[in-house]
Amino acid sequence: MDLTNIKRNQLDYMLTDVLPTELSDRFTYAYFYEYLIDRSKDINHIVRELIRLKNKNGKEVLFNGSSNWVTAPLKYTIMKQLHSEREISLLQPMAAMELFLFVSVYQKELLALLDKNSVFSLRFHNKNNDLIYKSKNRSVIKYFSDLSEETGKEIIEQTGMFFKIGPYKSIAAFTSSEEWLILNSKYKFFIRTDYKACFDSIYTHTFNWIIGKDVNDTKEFKNGSLYTAIDRVLMNINARTSNGIVVGPEYSRMVAELLLQAIDKDVYNMLLNECYDAGEHYNVYRYVDDIFIFAETEGIANHIVELYAEAARKYLLRLNDAKLFKSKVPFVLDDWLNETNIFTNRVTALLFYNREERKAYMEAVSDGQEQVNPCLIKGSGLATSKRTIMNQLNELICKYESQMKTITAYFLGMLLNKVSRNKDKVSLFKKDVSEHTVFNFLDLAFYGYSFFPNYNNTQKLLSIISYVRDEFDIFAYQDKLQNLLNRYAFVFDKANVNDIVNLIMFCRQANIAVPYKQEINIVRRLHEKDDPILWASYLLYSQYSKKYYTEIRSIIGNKLIERLEGIVQKDSVYTYREFWWVIVFNKSPHITVAEQARIDGLLSILKIGINNTPGETIGNLFVDYLRNNPIQFFEWDMEKRDFLRNITFKTKERSIFKNYQENLASLYWSSL
3 MDLTNIKRNQ
13 LDYMLTDVLP
23 TELSDRFTYA
33 YFYEYLIDRS
43 KDINHIVREL
53 IRLKNKNGKE
63 VLFNGSSNWV
73 TAPLKYTIMK
83 QLHSEREISL
93 LQPMAAMELF
103 LFVSVYQKEL
113 LALLDKNSVF
123 SLRFHNKNND
133 LIYKSKNRSV
143 IKYFSDLSEE
153 TGKEIIEQTG
163 MFFKIGPYKS
173 IAAFTSSEEW
183 LILNSKYKFF
193 IRTDYKACFD
203 SIYTHTFNWI
213 IGKDVNDTKE
223 FKNGSLYTAI
233 DRVLMNINAR
243 TSNGIVVGPE
253 YSRMVAELLL
263 QAIDKDVYNM
273 LLNECYDAGE
283 HYNVYRYVDD
293 IFIFAETEGI
303 ANHIVELYAE
313 AARKYLLRLN
323 DAKLFKSKVP
333 FVLDDWLNET
343 NIFTNRVTAL
353 LFYNREERKA
363 YMEAVSDGQE
373 QVNPCLIKGS
383 GLATSKRTIM
393 NQLNELICKY
403 ESQMKTITAY
413 FLGMLLNKVS
423 RNKDKVSLFK
433 KDVSEHTVFN
443 FLDLAFYGYS
453 FFPNYNNTQK
463 LLSIISYVRD
473 EFDIFAYQDK
483 LQNLLNRYAF
493 VFDKANVNDI
503 VNLIMFCRQA
513 NIAVPYKQEI
523 NIVRRLHEKD
533 DPILWASYLL
543 YSQYSKKYYT
553 EIRSIIGNKL
563 IERLEGIVQK
573 DSVYTYREFW
583 WVIVFNKSPH
593 ITVAEQARID
603 GLLSILKIGI
613 NNTPGETIGN
623 LFVDYLRNNP
633 IQFFEWDMEK
643 RDFLRNITFK
653 TKERSIFKNY
663 QENLASLYWS
673 SL
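Each number in the working numbering corresponds to the 1-based position in the sequence shown with 2 added.
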């Protein structure tokens, strides 16, 4: 059977585009996905019914009329800058199903509009034909991209691969492209601006204004229209909130693009009416909320900014004056970029053998000896090189403190690119490498990471460790690994807990402990955040000590009962943040029989409909899963799959450094 010709499963959207990236590796929708695959008849019936209602003269109200549609996300924060945070939202399983159904019903219309109105878009969604089906196990079709064919379907989770995104996958890809260079040669002036608090400022009702002359004009719209459905879905998944849209799922970026394209189109038409031609007098590019303007004159560029401000006001959005950047072109990026580039080139020369050096090594060892791969990392003098690199990195960050985030990300990205490249042809270390050399290299990676330990850098660090572990069993040197962690224990005080949750999980896998002082601080912050996913992850970590595990488990048990008692309105259970404790701890092997009985008691009162409406059917499926499926949404078994390898493949699959290569200038811009 030719599996490459199988029609792709729409349910894949729940894996690829719904969960935020910045999340504990233990939380997953994979088992819920399998459950829904097994009930494909019910799912297909819901989709057909929604399509029928949509086409029924527009009289039916989609995604409304059932309390099942309305859910509260789990909101949490990650590091934005060293002393600031960004809010992220994790959608409830019912909300994830709602987004899948929305895409199933409106996909063709949505993609057609995104393509039609992409006058200035650098990033919008198209149908993805690049995914390859590899196997079919029972009724579950599994597909992976070429990069992750060695692993299971969990690797596509959180990748945002359901749709093809382009023409550029990142700002980095654009600013390092030939197109960018030609624009710098063609025009005389450049402005970069963005929308202030873009996602937080989007008012969901404004989607209807895209095709209405005013607010009153939208009252007669068909209930089945795309824009009405977007408004309703965005409110449903955010507990009926119309001010702001959730940050986290790829879905939010997709529907926000519709609104931002409407502003682009207004600006484009106003310029056309004023006889300004795109590609001749100016070029505008927008990547999510970032706007890049190239123009013949400063006057035209400023005028375009004014038009954007005017067009955005219609949708209650504002430009961010604080981030307005103007320059003649071609322009040179800040000195820190050039210095960081010089620094990383120097690091590469100090740490890694180049191609000629590897060839010479192979010639030296090949005569009469067994075949060995050339190695990448220089062992001799590594301790001295490490101190030199640490000093220079420290000086660079001290000199450009405001760029600490970017410098740290680039340094770790460079290390990760090196150690992950050509793994089938080049070894990291010589065959007889000493543990001293290995741990010096890991120490250097930890040192760079310690300057800015956000979530993405944590994933890069763990991926570097994983590649090292492929060749050298670092877990066999537990004392050295523990000493390394102790040396950088301050990272646990410095970072947001959500950013380092997977580092804590690594400690669990490696059977090493976070120092006592840091454990106290982590637990204190866990109480403040009241995040069941963090508590569940920390419970797994605490198993290194039976006494400590008992202490943490007792705290969680008490909190679980308190949260269940906090759910008062039994007809709107999904709108309570406390319900997340049920989602995470239901069927957990770490809670008592009495605690599970309390959860079962709450589940027993959840409404079961008679499948008259899509909302009832989807609610029935979810309740059945909660009551009867033995595995829920948190992976409690640390032995089931290799934690480090899973992190590595996920990081490689979605890492922006695949697009950056080693072009430092591409790190200058950032986006939501």
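Idealized CB from N, CA, C, for every residue including glycine.
Quiz prompt | Opening and closing residue of the alpha helix (DSSP H) in which residue 77 lies | solution = Residue 77: not part of any alpha helix (DSSP H); member of the beta strand (DSSP E) spanning 76 to 83, first to last residue.
Cα-Cα, which of 88, 433, 318, 384 is closest to residue 376? 433
- Message: When you compare the segment 406 to 416 with the segment 444 to 453, are there three or more beta-carbon pairs, one atom per stretch, that lie closer than 8 Å?
- Response: yes
- prompt: Taking the Cβ atom as the reference point for each residue, do residue 378 and residue 355 lie within a distance shorter than 8 Å?
  reply: yes
| task | Could you tell me how far apart the beta carbons of residue 193 and residue 327 are, in whole angstroms, since I believe they sit closer than 8 Å? | result | That pair is a contact at about 7 Å.
Would you check if the distance between the CB atom of residue 122 and the CB atom of residue 286 is smaller than 8 Å?
-> Their beta carbons are under 8 Å apart, which means residue 122 touches residue 286 by this criterion.
Buried or exposed by the 16-neighbour rule on C-beta atoms within 10 Å, applied to residue 502: buried
Thinking C-beta only, is residue 296 closer than 8 Å to residue 229? no
Check: Quick one: complete alpha helix (DSSP H) runs, 4+ long, within the segment 13 to 95?
Finding: Considered as a whole, the segment 13 to 95 harbours 14 to 18, 32 to 40, 42 to 56 as its complete alpha helix (DSSP H) runs of no fewer than 4 residues, in chain order.
*asked:* Can you list, in chain order, the residues of its chain with a C-beta nearer than 8 Å to that of residue 101? Leave out the 5 residues immediately preceding and following it.
replied: 15, 16, 19, 20, 93, 235, 239, 251, 253
Taking the beta strand (DSSP E) that residue 286 falls in, what are its first and last residues? 284 to 289
| Three-pair Cβ contact test at 8 Å for the segment 592 to 602 versus the segment 40 to 57 | The answer is no - the segment 40 to 57 does not touch the segment 592 to 602, with fewer than three Cβ pairs under 8 Å.
Using the three-state DSSP reduction, which class does residue 603 fall into: helix, strand or coil? It is helical.
- Query: Roughly how many angstroms lie between the CA atoms of residue 154 and residue 324, to the nearest whole one?
  - Reply: At residue 154 the pLDDT is 47, less than 50, meaning the model places this residue with poor confidence; the figure from the coordinates comes in the next sentence. Each residue's Cα considered, the two are about 45 Å apart.
May I ask which residues mark the beginning and end of the beta strand (DSSP E) holding residue 328?
327 to 330
*Where do the N-terminal and C-terminal ends of the alpha helix (DSSP H) with residue 441 fall, by residue?*
437 to 453
Note to self: Pairs of beta-carbons, one from the segment 165 to 180 and one from the segment 274 to 292, closer than 8 Å: are there three or more?
What the structure shows: With the cut-off at 8 Å, the segment 165 to 180 and the segment 274 to 292 touch.
I need the straight-line Cα distance from residue 409 to residue 417, nearest angstrom please. Here the C-alpha atom of residue 409 lies approximately 13 Å from the C-alpha atom of residue 417.
Q: Could you spell out where the beta strand (DSSP E) holding residue 127 opens and where it closes?
A: 125 to 129
- Taking only runs of the alpha helix (DSSP H) that begin and end inside the segment 91 to 122, which ones reach a length of at least 4 residues, in chain order? 95 to 118
| message | Among the candidates 329, 634, 345, 50, whose CA atom is the shortest distance from the CA of residue 95? | response | Selected option, being the one with the closest Cα: 634.
Query raised in the report: Where do the N-terminal and C-terminal ends of the alpha helix (DSSP H) with residue 333 fall, by residue?
Result: No alpha helix (DSSP H) contains residue 333, which DSSP labels as neither H nor E.
Check: If we call anything under 8 Å between Cβ atoms a contact, is residue 649 one with residue 504?
Finding: Cβ distance < 8 Å, so residue 649 and residue 504 count as in contact.
Residue 637 to residue 541 span [Cα, whole Å]:
12 Å
Problem - Euclidean distance between Cα positions of residue 384 and residue 530 - result: 42 Å
Taking only runs of the alpha helix (DSSP H) that begin and end inside the segment 572 to 644, which ones reach a length of at least 4 residues, in chain order? 581 to 587, 595 to 606, 616 to 630
Practice item. Enumerate in chain order the residues of its own chain whose CB-to-CB distance from residue 647 is below 7 Å, with the five nearest sequence positions on each side excluded. Key: 468
With a threshold of 8 Å on Cβ separation, who are the neighbours of residue 361 within its own chain once the five nearest residues in sequence on each side are excluded?
376
Note to self: Please tell me whether residue 491 and residue 525 are closer than 8 Å, where the distance is taken between their beta carbons.
What the structure shows: no
- [ ] Indicate the three-state DSSP secondary structure (helix, strand or coil) for residue 209 in the structure shown.
- [x] helix
Notebook entry, point to check: Cβ of residue 24 within 8 Å of Cβ of residue 457?
Noted result: yes
| Exposed or buried, which one is residue 232 when buried takes at least 16 other CB atoms within 10 Å? | buried
Nearest by alpha-carbon distance to residue 731: which of 474, 476, 509, 393 is it? Missing from the structure shown is residue 731; the chain here goes from 3 to 674 and no further.
Determine the DSSP secondary structure at residue 166, reduced to helix, strand or coil. Here residue 166 sits in strand by DSSP.
Practice problem: Please name the residue, chosen from 512, 572, 569, that lies closest to residue 690 on a Cα-to-Cα basis. | Solution: No information on residue 690 is available, as it lies outside the stretch 3 to 674 that the chain covers here.
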